[in-house]
Amino acid sequence: MAHARRTAGFAAFALVLSLPIGALAQEGGPHSLVNQDAVRDFDTGNYSPYAGRNYPTRPLWGDTHLHTSASLDAFGFGDKLDADAAYRFALGEEIRTSSGQRVRLSRPLDWLAIADHSEFSGIGVALYEGNPRVIVDDQTRRWNQMMQRGGKDSIQAVIELVTAMGKGEAPPVFFDKDLGRSLWQDHLKTVEQYNDPGAFTAFAAYEWSSMPKGDNMHRVVIFRDGADRVGRIVPFSANDSVDPEDLWTFLESYESDTGGSVLALAHNGNLSSGLMFDTKTWTGEPLSKDYAERRMRWEPLYEVTQIKGDGEAHPLLSPDDAFADYETWDRANLDMTKLTDPATLEGQYARSGLRRGLELGANLGANPFKFGMIGSTDSHISLAAVEEENFLGKYTNTEPEPERWSHVSMQSADGAVKLLGWEAVSSGYAAVWATENTREAIWDAMKRKEVYATTGPRMLVRFFGGWDFDAADARGRLPADAGYAKGVPMGGDLTGAPDGKAPTFLVAALRDSYSGNLDRIQIVKGWLDADGETREKVYDVAWSGDRTPDADGKLPPVGNTVDAATATWSNTIGAPELIDVWTDPEFDPAQPAFYYARVLEIPTPRWTTYDAVRFGVELPPEVPRTTQERAYTSPIWYTPG
Amino acid sequence: MLMRTALAVAILAVASSTALACTVCFPYPKATGVDYLDDAGVVVLARENPAKRFSFLAKQVLKGALAVPEVDLFLNSSDRRKLTVDPGRAAVLVHGRFHEPVSPTGVTQDAPATEDAAPAWRSLGVASLRQETLIRDVLERLPQWNAAANGDAQRAAFFMPYLADPERAIRDLAYLEVGQADYDLILKADRFVTSEEVQAFLNDRQYLEWHPLYILLLGVNADEAERAYIRQQAQTRLSLGQTINLSAWITAYIEADGETAIDWIERTQLNLLSASGEVVVQIFDALSVHGNRTTPVLRDRITRSYDVALSNYPVLAGRIAKDMALWRDWTLAETVRRVRTEFADLDNASAYAIDYYLGSAETN
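The listed protein sequences correspond, in order, to chains R and B.
Per the numbering used here: the first sequence = residues 1 to 641.
Per the numbering used here: the second sequence = residues 642 to 1005.
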């Protein structure tokens, strides 16, 4: 075996498992074994091996993309929960959903970015509450009265409201910038109320919801700053422009006008008809170096997995990747008016986008698609809950109830293509390697792409690239120490390979104590070959058990302990932790490349299986009974010197 | 290309007024799966092509002829999964010159087919065994429906029992098919759907644009509680100027309360000048549906309301003239002539209908 795997064989692991999750996630905690080799880079002038440590020691978990009742569509579906409720839930408090169900997260999140749609944000709630700044004419007064009457009148009012907007007949007050500023500032007060440096971070954020011709171009905008700066602007919306370059111009103005910092991240390229990672601008111009540099300045991250599909890879584009078909949504664009054209798939998925970025980078002198990866929920019920056994739905009409699997969630205009409730993906979360739980530290980690995505579980993943990692680095209990000392973390760059050397990667994963053991760690490599064509390959680098790859290098499946009849599984297969050092066996120093790690759990029950058992419903055979949860790290790029 | 002629005024008037870029509800299609089957030159059952993943291989031709079995159409992952887990199922593919849905309104064209579009394959989805049986049945019947003078009525009647089908896709197809029938025929669908099913459907806000058919059925043989509910819905909507599905509610209101309903509408809406143009058009649509029934028991009463409407809402003159000409009723000729003279903003279609009515009145 070229790359010996290492699974958890540490005597102290049983001790570690008995600790609370917080301690489990603390690398180098008091119950860890410390390999003397691994501490060699510490300041030897101190007795404590941790003195002077300046790197992040645990991932901070959060959601960059949560909608509350301030989003008009969420409000239209009946979301009654505001930002206050969203924060309380994220902090671990038990609350009631809009349908009255008692719910709670398995454990709190560390941070949250409420990203309501900036288009008419807060208007629905303001109408309902009778905000005098909104109730300015007969029409708005009538909607307010209908909403106050409740029941079908309220629904009718919302439908009329949304319909008026669809027809371009929204009351003029809805476009009033002063009103927009006022509602935004109201929201920021709640954000500030919940921002608790060191304990919980609340970001000022919103979603720019560009959707020309039904193609998804949405971007979440996240500020590093507090209300003192962010309150000086009115969020840029698709009412202002649907062109992402105009959004960047707005972000640029924000930074220059306020001295603040801001970034944006896109999502759901799978619903973009290929616009997400296109080879031309939205206006049809060929991409330029300036475009590439601007895009990567403002959009360092991409939301790779969420409720509306996992977007890491598409099985048609990655036929040799046995795990590429994960919760794939590829029927149509966002409003289902345009069925998927396979010719546009390369512009829809993260891996093909990263590959395309290498090619464009070589041609333009700058890579426009050099993004890190996070997951988030895009929940529209104010609740960031995407664990399989605790999946609370996308909209209020898919909150837990027996028939939610069969709800028509989306439907094409001709009615022929229906997307049913069971197809919602219970995914995902963002893990950020920040040095402390503050806006500044988390945002800075996002900016440098030291982040990773998971589809819901909170597995701990480290990924470092360098030229000199060796097996000893994987034997210690402090892989990050070696990682930072000898290489760059996820999101980083390697340039100019030393003579005769190939890049080495130190990769480690520790399972989520609430979830399944680990099946394997893979490293996904993409590169630009000598002919200028991009290529990809997936390497199994560490795995559980005593499996042996077959003659084709394929590793046998880990097995499956899921009992669908009871929605249970056991961690009798897989490994609690995996770690290894891997060297690229096919490295060519002249060829640009990217590498990212994908960590797979053993099969566990999918959310629909929990529903089937809890509600006693029978699911059709096409509904998967199990899922293999996963994590995707941000890539490390190699650029020839 | 099939051009369906017997379109229920109430349904289409409602659908066209609300089929908008609504993020919280589904648009009401103007073409049904049966239209696609009818307009297609070729219909096949297909599964994934093992030689070319994510595309199709035809397994059976149901209509037309096929030169090669390979169908170069994208097989999406969801349908692929359905085919993988059940080797007995197949996707239904149609080949023809089809419109693409139009965004952002999300509305299909009046008919699915067009001579302007390039010939292309389209998937109608993976069929269940029951759907497959239904499709075969429909394809067998379509030539007869197209040839018969009352073929559209036969087609709608065929689908009525499927309104109660256990499969949602079949129910939806039946809904669209029955929804295209004449009002008199629509009313016969009442016996296939229970009140509970109607109420459940009307409570599904995502299907708001689809509600009109069941609103109409609510008015059929309504008991006192249902009549009160319909009355309240129609009156509230008229009072508040809520236009979504308004003509369907008014149609059901008139069905349930007869002349009393028309009295109320005339007194509170047509006699006043406060109703919006969109509201009065929907009032007209509902009156017109009842006036055009096979046995138009309310026609005289409706004619009197038309007279009132002409005075206050001359914008309706063309529509009213068209109905009156159809009914060969010339009693409103003088009123219509006055509108023609005094009202300068008539569109061409209205002016033509009025001139036709007035010319016919003179020769009769």
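Cβ atoms here follow ideal geometry from the backbone N, Cα and C, with glycine treated the same way.
Asked: At 7 Å on the CB atoms, spell out the chain R contacts of Val-726(B), in chain order.; Found: Pro-621 and Glu-622
Asked: May I ask which residues mark the beginning and end of the alpha helix (DSSP H) holding Ala-810(B)?; Found: 809-820
Asked: Please state whether DSSP places His-380(R) in a helix, a strand or coil.; Found: coil
Asked: Cutting at 7 Å between CB atoms, please list the residues of its own chain near Phe-587(R), excluding the five before and the five after it.; Found: Ala-502 and Pro-503
Asked: Can you confirm whether Asp-806(B), when its beta carbon is compared against all beta carbons of chain R, has any partner nearer than 8 Å?; Found: no
Asked: With a threshold of 8 Å between beta carbons, is His-3(R) in contact with chain B?; Found: Bear in mind that a pLDDT of 39 at His-3(R), under 50, signals an unreliable position, so the model cannot answer this.
Asked: Where do the N-terminal and C-terminal ends of the alpha helix (DSSP H) with Leu-967(B) fall, by residue?; Found: 958-968
Asked: What does a CB cutoff of less than 6 Å around Leu-419(R) pick up in its chain, not counting 5 residues either side in sequence?; Found: Ser-409 and Met-410
Asked: Less than 8 Å between C-beta atoms, sequence neighbours within five positions excluded: which residues of the same chain meet that for Met-336(R)?; Found: Gly-214, Met-410, Gln-411, Ser-412, Ala-413, Val-417 and Leu-419
Asked: What distance in whole Å lies between the Cβ atoms of Arg-872(B) and Tyr-894(B), which are believed to be in contact at a cut-off of 8 Å?; Found: 6 Å
Asked: For a quick check, are the C-beta atoms of Lys-704(B) and Val-684(B) less than 8 Å apart?; Found: yes
Asked: Would Pro-603(R) be called buried (16 or more neighbouring beta carbons within 10 Å of its own) or exposed?; Found: buried
Asked: Of all Cβ atoms in chain B, is any one closer than 8 Å to the Cβ of Gly-347(R)?; Found: no
Asked: Does the beta carbon of Thr-163(R) come closer than 8 Å to any beta carbon on chain B?; Found: yes
Asked: Can you tell me whether Asp-116(R) is buried or exposed, with buried defined as 16 or more other CB within 10 angstroms of its CB?; Found: buried
Asked: Any C-beta of chain R within less than 7 Å: which residues of the segment 709-726 of chain B qualify?; Found: Phe-715, Asn-717, Ser-718, Ser-719, Arg-722, Lys-723 and Val-726
Asked: Three Cβ pairs or more, each shorter than 8 Å: is that satisfied between the segment 423-440 of chain R and the segment 195-207 of chain R?; Found: yes
Asked: Measuring alpha carbon to alpha carbon, tell me which of Arg-294(R), Val-304(R), Pro-286(R) and Ser-256(R) ends up nearest Asn-268(R).; Found: Val-304(R)
Asked: Taking its Cβ as the centre, do 16 or more other Cβ atoms sit within 10 Å of Asp-540(R), making it buried, or is it exposed?; Found: buried
Asked: Less than 8 Å between CB atoms is the rule here; does Gly-415(R) satisfy it with respect to chain B?; Found: yes
Asked: What is the rounded straight-line gap between the Cα of Ala-662(B) and the Cα of Ala-164(R)?; Found: Annotation note: pLDDT 38 at Ala-662(B) (below 50); position unreliable, no value reported.
Asked: Which residues does DSSP pair with Phe-200(R) in a beta bridge?; Found: Asp-196(R)
Asked: Taking just the CA atoms, how far does Pro-59(R) sit from Leu-506(R)?; Found: 17 Å
Asked: Considering just the uninterrupted stretch of the alpha helix (DSSP H) at Leu-973(B), what are its terminal residues?; Found: Careful: Leu-973(B) lies outside any alpha helix (DSSP H) and carries neither H nor E.
Asked: Please go through the same chain and pick out, in chain order, the residues whose beta-carbon is closer than 6 Å to the beta-carbon of Gly-353(R), but skip the five residues on each side of it.; Found: Phe-277 and Phe-369
Asked: Roughly how many whole angstroms lie between the Cα atoms of Pro-937(B) and Val-921(B)?; Found: 21 Å
Asked: Spatial neighbours of Ala-994(B) within its chain, please: CB distance less than 7 Å, with the 5 preceding and 5 following residues excluded, ordered by chain position.; Found: Gly-959, Ala-962 and Lys-963
Asked: Please report the Cβ distance between Glu-689(B) and Arg-721(B), rounded to the nearest whole angstrom; I am assuming they are in contact, meaning their Cβ atoms lie under 8 Å.; Found: 6 Å
Asked: Report back the beta-carbon spacing between Glu-327(R) and Gly-309(R) to the nearest angstrom; my notes put them in contact at under 8 Å.; Found: 6 Å
Asked: When DSSP builds the beta bridges, which residues end up paired with Lys-704(B)?; Found: Val-684(B)
Asked: Whose C-alpha, out of Leu-518(R), Ala-474(R), Tyr-632(R) and Ile-381(R), is nearest the C-alpha of Ser-98(R)?; Found: Ile-381(R)
Asked: Assign Ala-863(B) to one of three DSSP states: helix, strand, or coil.; Found: coil
Asked: How would you list, in chain order, the residues of chain R whose beta-carbon sits under 7 Å from the beta-carbon of Ala-794(B)?; Found: The premise fails here: Ala-794(B) is roughly 22 Å from chain R at the closest Cβ pair, so nothing lies under 7 Å.
Asked: Mind pulling the chain B residues with CB within less than 7 Å of Pro-342(R)?; Found: Phe-695 and Phe-715
Asked: If you measure between the beta carbons of Gly-260(R) and Asp-290(R), is that distance less than 8 Å?; Found: no
Asked: Distance cutoff 8 Å, beta carbons only. Does Ala-672(B) sit that close to anything in chain R?; Found: yes
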